[in-house]
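Asks:
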Amino acid sequence: MIDINAIISTMMNNQVNIPLLQPLIEPLLGMPVIGYLIAFILWKPFFVLILIPGFATMGIMLLILPWIERKMVARMQWRVGPREISPRTRGIVQLLADTLRFLFQEVIIHKDAHKLYFLQFPFLYFIPVLLPLLFINAGTAGNPLVPIQTDYALQIMVALISLMPVFILGVGWASNNRFAFIGTVREAFLYFAYEIPFIVIVLAMIVLYGTSNTVGVVNAQSGVWWGIIQNPLAALTFFIAMVMATARLPFEIPEADQEVSFGPFVEYSGIAFGLAYVMGYEKMYVLSAMMTMLFLGGGSGPEILGLGDLSCGIWFVLKTLIVLVIMVNLRGVYPRYRLDQGLRIGWGAMLILALVALGWSIVVMGVRL
Amino acid sequence: MKKVATPEYDIKDKLKYHVSALSTAAKEVVLPLNITTHYPRERKKMPDCFRGYILFDPERCISCFECSFVCPANAIWMKEAPSGRYYPTLDYGKCIFCHFCVDTCPGGALKQTKIHDVAYKDMDEMFTLTEEMIEPPEIIREDEGYVEYEIDKEDLSLKRTKGIDKLIVDVAPSQGVPMVSLCVEPESCLGCGICEGMCESGAVSSLKEDGMVRMKIDVDKCTGCGLCVKECSMQILRLVRK
Numbered sequence: 553m554i555d556i557n558a559i560i561s562t563m564m565n566n567q568v569n570i571p572l573l574q575p576l577i578e579p580l581l582g583m584p585v586i587g588y589l590i591a592f593i594l595w596k597p598f599f600v601l602i603l604i605p606g607f608a609t610m611g612i613m614l615l616i617l618p619w620i621e622r623k624m625v626a627r628m629q630w631r632v633g634p635r636e637i638s639p640r641t642r643g644i645v646q647l648l649a650d651t652l653r654f655l656f657q658e659v660i661i662h663k664d665a666h667k668l669y670f671l672q673f674p675f676l677y678f679i680p681v682l683l684p685l686l687f688i689n690a691g692t693a694g695n696p697l698v699p700i701q702t703d704y705a706l707q708i709m710v711a712l713i714s715l716m717p718v719f720i721l722g723v724g725w726a727s728n729n730r731f732a733f734i735g736t737v738r739e740a741f742l743y744f745a746y747e748i749p750f751i752v753i754v755l756a757m758i759v760l761y762g763t764s765n766t767v768g769v770v771n772a773q774s775g776v777w778w779g780i781i782q783n784p785l786a787a788l789t790f791f792i793a794m795v796m797a798t799a800r801l802p803f804e805i806p807e808a809d810q811e812v813s814f815g816p817f818v819e820y821s822g823i824a825f826g827l828a829y830v831m832g833y834e835k836m837y838v839l840s841a842m843m844t845m846l847f848l849g850g851g852s853g854p855e856i857l858g859l860g861d862l863s864c865g866i867w868f869v870l871k872t873l874i875v876l877v878i879m880v881n882l883r884g885v886y887p888r889y890r891l892d893q894g895l896r897i898g899w900g901a902m903l904i905l906a907l908v909a910l911g912w913s914i915v916v917m918g919v920r921l
Numbered sequence: 014m015k016k017v018a019t020p021e022y023d024i025k026d027k028l029k030y031h032v033s034a035l036s037t038a039a040k041e042v043v044l045p046l047n048i049t050t051h052y053p054r055e056r057k058k059m060p061d062c063f064r065g066y067i068l069f070d071p072e073r074c075i076s077c078f079e080c081s082f083v084c085p086a087n088a089i090w091m092k093e094a095p096s097g098r099y100y101p102t103l104d105y106g107k108c109i110f111c112h113f114c115v116d117t118c119p120g121g122a123l124k125q126t127k128i129h130d131v132a133y134k135d136m137d138e139m140f141t142l143t144e145e146m147i148e149p150p151e152i153i154r155e156d157e158g159y160v161e162y163e164i165d166k167e168d169l170s171l172k173r174t175k176g177i178d179k180l181i182v183d184v185a186p187s188q189g190v191p192m193v194s195l196c197v198e199p200e201s202c203l204g205c206g207i208c209e210g211m212c213e214s215g216a217v218s219s220l221k222e223d224g225m226v227r228m229k230i231d232v233d234k235c236t237g238c239g240l241c242v243k244e245c246s247m248q249i250l251r252l253v254r255k
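Protein chains in written order, with our numbering: chain A, 553 to 921; chain B, 14 to 255.
What follows is the structure, given as structure tokens:
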């Protein structure tokens, strides 16, 4: 027998606090069924994982981020960008129009493809994307907003993020196409080039903060002592690793349009291509959220009056958005590196920078002790 | 032999160039220049000599066939009008818009316009008859302004002006040099009468003298089209200045 009252009281003890909406929520909580629903929505783990900065925010980001990217890169290149659909809003609904177009297009699975894996992997990709969000701390020092608190959070996140390229390799293998094969092999090469500096950087931050619990990580960045100030070298290397991991320019080597025509995703069409297309953006969002948490102080910022916990969430999403915008705009600045140049950067400069950052962390820790 | 090597940069140069690239990008995001013409709503201002749709004025045509002869794409075909004169028709499916016909027309009957956006339903419709070439095609104008590109010292910039750009230019057609046909060796004339048959304006007439046929060219009536010069079997006719 499930004791529903015990469950409700557990939820009620761990609610998101929004003073501005409190007069609205109080009467709703008293109602029979709606009360349970509101209690569930405002239950901290649910709120953080599903609403802000979790799944819903990621969905909105997926809809507006490609638009921001196209618009800003167009400005850099003296063009206009998407405009014809809803010119008054500057074409912000372009992505909805694209999604509609993808939905009505036929999904073609060619004869030589592995049918099951070909359709499965773009959907399964949501698993390694969504699971790291379980450990994201969007709160401030002393006021954590995290679905699951564990001492191994950063390690689990790194493990799940390292799992993502496996799905892309699977996509490329299931496509059974020469371009997909070349793209897949390039992805595998780059995977090792960025993964080791990435892990070393996370290690450096664990050493610096003395904990791998995400609550402790944000607590260690109180005030203006954000991670980017405590260890700027690590932040820089993390950013480069992030750009490399999401295959953005200048490291757009696996997906190079002009060489291997979107690499592993060359055989996709229709809504399957839509899903494959947003795979990169999903990974970008997760990594940017991780960067915000590790280096930009989580949800810390001047509190917006009357919003309470929601204020932290808004600051967190804003910081994530800034990181994302800087990342997508590199497309208008840099040309693409060759594979060997990318590998040289990964195994050379980035690995050295990561090791120096690790040394920096150890020295800072030694001074503190 | 000079060997070209990759330029060598030290880390200071590299950092400098990275910062310069990123700052340029940031500057362009905040204060961008723009070189896009929003086409149906505004048009690019073309020069008066723009090679676009061709108009035809039958009053000025002397039926000399020059446009048809010079056309490199064989797009112009001369068609007989009810009056017995020949006028050009233009197949826009073949036309390459070189405007050799406009340049070569001695009477200035063909005229250039700035119209460049004509749509046809099928290939047959692209074959434009003489009577369709007299009036400009119907154009639905959505534009409220026109743009001009200006090149200053550093950058290309766009100058927008309100108002509608006139697509039909008011350039006086070239008058050409008045020419007449002249027989340089009357004693070699066979009297075959080809020139009389060719002449559109009735300037050539034949006279019978002592059992011989003599051709006579009326200088006032001759338009200098040169058709008789081309067709003369003895090659004794020349075009000379009036």
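Don't be surprised by glycine CBs; every beta carbon is placed ideally from N, CA and C.
These numbers come from a predicted model, not from an experiment.
Find out if the Cβ-Cβ distance for the pair residue 786 (chain A), residue 705 (chain A) is shorter than 8 Å.
Replies: Cβ atoms of residue 786 (chain A) and residue 705 (chain A): not closer than 8 Å.
Asks: Ordered along the chain, which non-local residues of its own chain (more than five positions away) have a Cβ less than 6 Å from that of residue 849 (chain A)?
Replies: Around residue 849 (chain A): 773, 778.
Asks: Confirm, please, whether the CB-CB distance from residue 156 (chain B) to residue 53 (chain B) is below 8 Å.
Replies: In contact: residue 53 (chain B) and residue 156 (chain B) (Cβ atoms closer than 8 Å).
Asks: DSSP three-state label for residue 164 (chain B), please.
Replies: Here residue 164 (chain B) sits in strand by DSSP.
Asks: Is the beta carbon of residue 57 (chain B) sitting closer than 8 Å to the one on residue 50 (chain B)?
Replies: Yes, the Cβ-Cβ distance between residue 57 (chain B) and residue 50 (chain B) is below 8 Å.
Asks: Name the one or two DSSP bridge partners that residue 99 (chain B) has.
Replies: DSSP, once it has assigned bridges, lists B:93 as partnering residue 99 (chain B).
Asks: Taking residue 28 (chain B) as the query, report the chain A residues whose CB atoms sit under 9 Å from its CB, ordered along the chain.
Replies: None at all; the shortest Cβ gap to chain A is about 12 Å.
Asks: Under the DSSP definition of a beta bridge, which residues are partnered with residue 233 (chain B)?
Replies: Paired residues: none, contrary to the question.
Asks: Can you give me the C-alpha to C-alpha distance between residue 839 (chain A) and residue 813 (chain A), rounded to a whole angstrom?
Replies: Cα to Cα, residue 839 (chain A) sits roughly 25 Å from residue 813 (chain A).
Asks: Specify, as a first and last residue, the run of the beta strand (DSSP E) that residue 56 (chain B) falls within.
Replies: Here the beta strand (DSSP E) through residue 56 (chain B) covers 55-57.
Asks: Quick one: using the 10 Å Cβ neighbour count with 16 as the cut-off for buried, is residue 250 (chain B) buried or exposed?
Replies: The residue in question, residue 250 (chain B), is buried, as its Cβ has 16 or more Cβ neighbours within 10 Å.
Asks: What separation, rounded to the nearest whole angstrom, lies between the Cα atoms of residue 722 (chain A) and residue 816 (chain A)?
Replies: Rounded to whole angstroms, residue 722 (chain A) to residue 816 (chain A) spans 9 Å at the Cα level.
Asks: Along the segment 870-897 of chain A, where does the CB come closer than 8 Å to a CB of chain B? Name the residues.
Replies: Listed in sequence order: 881, 884, 885, 886.
Asks: Using a beta-carbon distance below 8 Å, is residue 845 (chain A) in contact with chain B?
Replies: Not an interface residue.
Asks: Measure from the C-beta of residue 160 (chain B) to each C-beta in chain A and report whether the shortest distance is under 8 Å.
Replies: No, no contact with chain A.
Asks: Are the beta-carbon atoms belonging to residue 689 (chain A) and residue 769 (chain A) less than 8 Å from one another?
Replies: Against a cut-off of 8 Å, the Cβ pair of residue 769 (chain A) and residue 689 (chain A) comes out as a contact.
Asks: Taking DSSP as the reference, what is the three-state secondary structure of residue 619 (chain A)?
Replies: It is helical.
Asks: Cβ closer than 8 Å: which chain A residues qualify as neighbours of residue 45 (chain B)?
Replies: The answer, in chain order, is 627, 628, 630.
Asks: By Cβ distance, which residues of its chain are closer than 7 Å to residue 654 (chain A), with the 5 residues on each side in sequence left out?
Replies: If we look at residue 654 (chain A) and ignore the five residues flanking it on each side, its Cβ neighbours are 822, 823, 825, 826.
Asks: If contacts are defined as beta-carbon pairs under 8 Å, then residue 143 (chain B) and residue 100 (chain B) qualify, I think. What distance do you get, rounded to the angstrom?
Replies: Indeed, because the Cβ distance is near 4 Å, the residues count as touching under 8 Å.
Asks: Given a cut-off of 8 Å, decide if residue 591 (chain A) and residue 564 (chain A) are closer than it, judged by their beta-carbon atoms.
Replies: The answer is yes: Cβ separation under 8 Å.
Asks: Buried or exposed for residue 174 (chain B), please, with buried defined as at least 16 other CB atoms from any protein chain shown within 10 angstroms of its CB.
Replies: Exposed, because fewer than 16 other Cβ atoms sit within 10 Å of the Cβ of residue 174 (chain B).
Asks: Residue 709 (chain A) CB to nearest chain B CB: under 8 Å?
Replies: By this cut-off, residue 709 (chain A) is not an interface position.
Asks: Three-state secondary structure (DSSP) at residue 641 (chain A)?
Replies: Helix.
Asks: What does residue 159 (chain B) pair with, by DSSP beta-bridge criteria?
Replies: Looking at the DSSP assignment, residue 159 (chain B) forms a beta bridge with B:56, B:174.
Asks: If you measure from the beta carbon of residue 49 (chain B) to each beta carbon in chain A, is any gap under 8 Å?
Replies: Chain A contact via Cβ: present.
Asks: Starting from residue 840 (chain A) and walking both ways along the beta strand (DSSP E), at which residues does that stretch end?
Replies: Counting along the chain, residue 840 (chain A) falls outside any beta strand (DSSP E), though it belongs to the alpha helix (DSSP H) covering 822-847.
Asks: When Cβ atoms are compared, which residues of the segment 894-920 of chain A fall closer than 9 Å to chain B?
Replies: Under the 9 Å Cβ criterion, the segment 894-920 of chain A contributes no residue.
Asks: Secondary structure at residue 117 (chain B), three-state DSSP: helix, strand or coil?
Replies: If DSSP states are grouped into helix, strand and coil, residue 117 (chain B) belongs with the helices.
Asks: Under DSSP, the alpha helix (DSSP H) around residue 738 (chain A) begins and ends at which residues?
Replies: 730-761 is the span of the alpha helix (DSSP H), which, as asked, contains residue 738 (chain A).
Asks: Hey, residue 73 (chain B) and residue 121 (chain B): beta-carbon distance below 8 Å or not?
Replies: In contact: residue 73 (chain B) and residue 121 (chain B) (Cβ atoms closer than 8 Å).
Asks: Measure the CB-CB distance between residue 108 (chain B) and residue 86 (chain B) and report whether it falls below 8 Å.
Replies: Going by C-beta atoms, residue 108 (chain B) is nearer than 8 Å to residue 86 (chain B).
Asks: Could one say the Cβ of residue 34 (chain B) lies closer than 8 Å to chain A's Cβ atoms, at least one of them?
Replies: Closer than 8 Å to some Cβ of chain A, the Cβ of residue 34 (chain B) qualifies, so yes.
Asks: If the criterion is Cβ atoms closer than 8 Å, does the pair residue 889 (chain A) and residue 749 (chain A) meet it?
Replies: Not a contact, by the Cβ cut-off of 8 Å.
Asks: Please state if the CB of residue 866 (chain A) and the CB of residue 878 (chain A) are separated by a distance shorter than 8 Å.
Replies: Cβ distance not < 8 Å, so residue 878 (chain A) and residue 866 (chain A) don't count as in contact.
Asks: The beta strand (DSSP E) spanning residue 863 (chain A) covers which residue range?
Replies: From DSSP, residue 863 (chain A) is part of no beta strand (DSSP E) but of the alpha helix (DSSP H) over 861-881.
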